[in-house]
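Scroll down for the structure; my scribbles are underneath it.
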Amino acid sequence: MAAAGFIAGATVCWVLLTAAEPYEGYPHAPVVFLCACFGAGAVVAVITMTYWKLTLYLLGAISGYFIALYLWSWKSDHILVNIYARQFTGVGLGIVCAVAMLLVEFMCVIICTSFLGSYLFFLGLDLFIHVGMVNGPRSMLDANKEHHIHYELNNKVYAMLAGVLAFWLAGIIWQMIYNKGRRFGLDLEVKKYYVDSK
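Right under this line is the structure:
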């Protein structure tokens, strides 16, 4: 749950910092982004650890939005060209996943955590090998008109996207085996009432 909170806090902080960045950029921009995003992520992580049962729904919401980012990354125009349609669809998918967390909690937790782990692993890997996969979500989340991020799909990017899917499925299978018989979050107890026949 702390990881879900950290991801949410750091992502929102990055989006806000990027949108507010002046044309000449921040002084010592890498340090500003690193410290601010890490700090915001850490604060939200502490809050979500404290209220971890409610954080289950945040996990569903952020996973749904990130799944939308992943799906849109399969085309250079992000499938939905209109930015508002894209954002509303992403938010809608996040709400669906949050509601699904209440209805089918066990499977939803497994699917969401497996996806986040796989997707963030490959985004982090791309920061080192510079294939260009990270430009997909960057171009969708960067609202600053001064930034021109070019997202080009090639065989290497497709391989990274396919790797996300493969790791995601492998994570689901492993978690289903490891967590068999367990349950997360809220315990709903069904009370039975018996009528005395006498």
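Those letters in the sequence shown? Residues -20 to -1, 1 to 178, by mature numbering (1 follows the signal peptide of the UniProt record, and there is no 0).
Glycine included, each C-beta is placed from N, C-alpha and C at the ideal position.
Being a predicted model, the structure only gives us computed values, none of them experimental.
- How many angstroms separate the CA atom of Leu96 from the CA atom of Pro7? Separation of Leu96 and Pro7 (C-alpha to C-alpha, rounded to the nearest whole angstrom) is 32 Å.
- Contact under 8 Å by Cβ, Cys17 with Ala41: Cys17 is not a Cβ neighbour of Ala41, given a cutoff of 8 Å.
- Rounded to a whole number of angstroms, what is the C-alpha to C-alpha distance between Gly151 and Glu1? Straight-line measurement puts the Cα of Glu1 at about 37 Å from the Cα of Gly151.
- Item | Inter-residue Cα distance where the pair is Lys136 and Ser98 | If I take the Cα positions, the gap works out to 17 Å.
- Message: Give me, in chain order, the residues of the same chain whose beta-carbon lies closer than 6 Å to that of Pro117; leave out the 5 immediate sequence neighbours on both sides.
- Response: Result list for Pro117: Leu49, in chain order.
- Query: Is the stretch 12 to 29 close to the stretch -11 to -2, with three or more CB pairs under 8 Å?
  - Reply: Below 8 Å, enough C-beta pairs join the stretch 12 to 29 and the stretch -11 to -2 to call them touching: three or more.
- Item | Per-residue DSSP class, three states only, for Val170 | Low confidence applies to Val170: its pLDDT is 45, below 50, so where it sits in the model is not reliable, and the reading given next is rough at best. Val170: coil per DSSP, three-state reduction.
- Message: Rounding to the nearest angstrom, what Cα-Cα distance links Val23 and Leu149 in this structure?
- Response: For the pair Val23 and Leu149, the Cα-to-Cα distance works out to about 31 Å.
- Would you identify the three-state DSSP class for Leu133, choosing helix, strand or coil? Reduced to three states, the DSSP call for Leu133 is coil.
- Query: In chain order, what residues of the same chain lie with their CB nearer than 6 Å to the CB of Cys(-8), ignoring the 5 residues before and after it?
  - Reply: The residues Ala16, Cys17, Ala20, in chain order, have a CB closer than 6 Å to that of Cys(-8) in the same chain once the five nearest residues on each side in sequence are set aside.
- Query: From Asn124, Leu38, His110, Phe147, pick the residue whose C-alpha is nearest to that of Leu73; which is it?
  - Reply: Residue Leu38 holds the alpha-carbon nearest to the alpha-carbon of Leu73 among Asn124, Leu38, His110, Phe147.
- Message: Just to check my reading of the structure: Thr28 and Gly70 have Cβ atoms closer than 8 Å, yes? What is that Cβ distance to the nearest angstrom?
- Response: About 20 Å; that fails the 8 Å criterion.
- What span of residues does the alpha helix (DSSP H) with Lys33 cover, start to end? 32 to 52 is the extent of the alpha helix (DSSP H) around Lys33.
- Who are the near neighbours of Val170 in its chain, counting only those whose CB is closer than 6 Å to its CB and skipping five residues on each side? At Val170 the pLDDT is 45, less than 50, meaning the model places this residue with poor confidence and gives no usable figure here.
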